[in-house]
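Novice: Residue 119 is where the sequence shown starts when you use the numbering used here, and the numbers rise one by one after that. Below is a structure I'd like to ask you about.
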Amino acid sequence: MITDQFGRPLRDLRISVTDRCNLRCTYCMPAEVFGPDYAFLPQSELLSFEETERVSRVMVDLGVQKLRLTGGEPLLRRDLPALVERLARIEGVQDIAMTTNGLLLPRFAAELKAAGLQRVTVSLDALDAETFGQMNGLGVSPERVLAGIDAALSAGLGVKLNTVVKRGANDAGLAEFWRELRGKALVRFIEFMDVGNHNGWNLDSVVPSAEVLDRLAGEDLTFTPLPPRHPGEVATRFISNDGHEVGLISSVTAPFCGDCSRLRLSATGQLYTCLFAAQGYDLKTPLRAGETGVQLRERIAGLWQARRDRYSEERGEQTAGRPRIEMSFIGG
């Protein structure tokens, strides 16, 4: 097991397979920036499935247990189930998951499950059609995402539901949202974060997780915290007195950098040690230059062992104005 400068082990690898998305969510890929003329990556710049598998095998050898496919929207990558099948054959992988907006799950959920995918985390920010349409930037209805969730459940995939909470945008309907969907999936509310450079983040737009929990509660509803299921779990989980669970991800008000065990691999083979990183580390060039597995292992191990990232714990004056990689480029 290797650890970084703060004693954090390497356990999770997030693999972005594309920078493209079929939504324009305001907190991730706002339409005014990622418009019709935006230059997305050409196919030749993306890691091949063979290259992604090779990097993943090295990572698992270094301690990674969980793989998560992200984007952009990962289901826009052609033949994605073939990559899932490759990753599922790696000895030592305990979990393969995917983060998605759910729009293409009716077409692909069964095939992904058959290939070895175990879980999906689906993004849905509101049940009100107007609110959701404004937040996704394209007027897409929540019913299309709900159809994707149903398809994933029918295929036998585990489902979690992520909701980014932004004050003045979707915070008014949180209790109704949770009560409506808690029977389908574990709902997790995420504080609006300062990821990327274009989402207009400011602290006034953040609804603290403690306030979210208060909004869910009522005269007859109370919540009790649940213990973490594993080290590095990002969501604090609570269970209501009527037996329903909710998760809160509090990167702004209660940072969890101390347990972060994640590396992020971009679609172009850049390795990022933090969601808020300013730069990545090139793996594609040595991969395509014929670097051996031993050399690649040493390169990645050295990067992790030198890691000191803790952006969310440092958030403030010393991080103000610091450029950050776009979340759509490396996934959430």
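C-beta atoms are modelled at their ideal positions from N, C-alpha and C, and glycine is treated no differently.
At which residue ranges does the region 306 to 389 contain complete beta strand (DSSP E) runs of 3 or more residues, listed in the order of the chain?
Specialist: Runs of the beta strand (DSSP E) inside the region 306 to 389: 341 to 343, 354 to 358, 363 to 367, 380 to 383.
Novice: Look up Glu-213 in the DSSP assignment and say whether it is helix, strand or coil.
Specialist: Glu is not the amino acid found at residue 213; the sequence shown has Asp there. Note: Asp-213 maps to strand in three-state DSSP.
Novice: Answer yes or no: do Gly-398 and Ile-443 have a C-beta to C-beta separation smaller than 8 Å?
Specialist: For Gly-398 and Ile-443, yes; Cβs fall inside 8 Å.
Novice: Just the Cα atoms here: how many angstroms apart are Ile-308 and Lys-231?
Specialist: Their backbone Cα atoms lie some 27 Å apart in a straight line.
Novice: Do you know how far the Cα of Ser-162 is from the Cα of Leu-393?
Specialist: Whole-angstrom Cα-Cα distance: 25 Å.
Novice: Could you give the C-beta distance for Ala-270 and Leu-223, rounded to a whole number, given that I count them as a contact under 8 Å?
Specialist: Between Leu-223 and Ala-270 the Cβ distance is about 5 Å, and since that is below 8 Å, they are a contact.
Novice: Please state whether DSSP places Lys-402 in a helix, a strand or coil.
Specialist: If DSSP states are grouped into helix, strand and coil, Lys-402 belongs with the helices.
Novice: To the nearest angstrom, report how far apart Pro-349 and Leu-128 are at their CA atoms.
Specialist: Using only the alpha carbons, I get a separation of about 11 Å.
Novice: When the Cα of Val-182 is compared with those of Arg-428, Leu-383, Phe-447, which residue comes out closest?
Specialist: The shortest Cα separation from Val-182 among Arg-428, Leu-383, Phe-447 belongs to Leu-383.
Novice: Between which residues of its own chain and Met-147 is the CB-CB distance below 6 Å, once the five residues before and five after are set aside?
Specialist: Excluding residues within five positions, the ones whose Cβ falls inside 6 Å are Cys-139, Ser-446.
Novice: Can you have a look at Met-359 and say buried or exposed, based on whether 16 or more other CB atoms are within 10 angstroms of its CB?
Specialist: The sequence as given places Asn at residue 359; Met does not occur at that position. Its Cβ having fewer than 16 others within 10 Å, Asn-359 is exposed.
Novice: Between which two residues does the beta strand (DSSP E) holding Ser-241 run?
Specialist: Unbroken beta strand (DSSP E) run through Ser-241: 237 to 241.
Novice: Across the region 358 to 375 and the region 332 to 350, are there enough close Cβ pairs to call them in contact, namely three or more that are closer than 8 Å?
Specialist: Counting Cβ pairs under 8 Å, three or more are found: they touch.
Novice: Span of the alpha helix (DSSP H) holding Lys-231?
Specialist: Residues 223 to 233.
Novice: Give me the Cα-Cα distance between Val-240 and Phe-124, rounded to the nearest whole angstrom.
Specialist: Those two C-alpha atoms are separated by around 31 Å.
Novice: For Arg-306, tell me which candidate among Thr-403, Ser-368, Ala-233, Gln-252 has the shortest Cα-Cα distance.
Specialist: Answer by Cα proximity: Ser-368.
Novice: Within the same chain, show all residues whose beta-carbon is closer than 6 Å to that of Trp-319, passing over the 5 residues directly before and after it, in chain order.
Specialist: Hits under 6 Å: Asp-312.
Novice: Between which residues of its own chain and Asp-130 is the CB-CB distance below 6 Å, once the five residues before and five after are set aside?
Specialist: Here the set comprises Lys-184, Ser-379, Arg-380.
Novice: Can you find at least 3 beta carbon pairs, one from the region 418 to 426 and one from the region 183 to 203, that sit closer than 8 Å?
Specialist: Touching, no, given that fewer than three Cβ pairs across the two stretches are closer than 8 Å.
Novice: Which first and last residues belong to the alpha helix (DSSP H) in which Ser-430 is found?
Specialist: Residues 429 to 432.
Novice: Quick one: using the 10 Å Cβ neighbour count with 16 as the cut-off for buried, is Val-263 buried or exposed?
Specialist: When all chains shown are included, Val-263 counts as buried.
Novice: Using beta-carbon positions only, say whether Ala-273 and Pro-260 come within less than 8 Å of one another.
Specialist: No, these two residues do not count as a Cβ contact at 8 Å.
Novice: Which residue marks the beginning of the beta strand (DSSP E) containing Ser-134, and which one marks its end?
Specialist: Segment 130 to 134, the beta strand (DSSP E) holding Ser-134.
Novice: Label Ala-353 either buried or exposed according to how many other C-beta atoms from any shown protein chain fall within 10 Å of its C-beta, with 16 as the threshold for buried.
Specialist: Ala-353 comes out buried.
Novice: On the CB-based measure, 16 or more other CB atoms within 10 Å of its CB, does Ala-215 come out buried or exposed?
Specialist: Ala-215 is buried by the Cβ-count criterion.
Novice: How would you call Gly-210, buried or exposed, if buried means at least 16 neighbouring beta carbons within 10 angstroms?
Specialist: With fewer than 16 other Cβ atoms within 10 Å, it is exposed.
Novice: Below 8 Å between beta carbons: does that hold for Ser-134 and Gly-220?
Specialist: The answer is no: Cβ separation not under 8 Å.
Novice: Would Val-277 pass as a contact of Val-238 if the rule is Cβ separation under 8 Å?
Specialist: Yes; because the gap between Cβ atoms is below 8 Å, this pair is in contact.
Novice: Quick check: what's the CA-CA separation for Glu-432 versus Ala-228?
Specialist: Taking the straight line joining both Cα atoms gives about 42 Å.
Novice: What is the rounded straight-line gap between the Cα of Ala-233 and the Cα of Arg-426?
Specialist: Ala-233 and Arg-426: Cα-Cα distance of roughly 36 Å.
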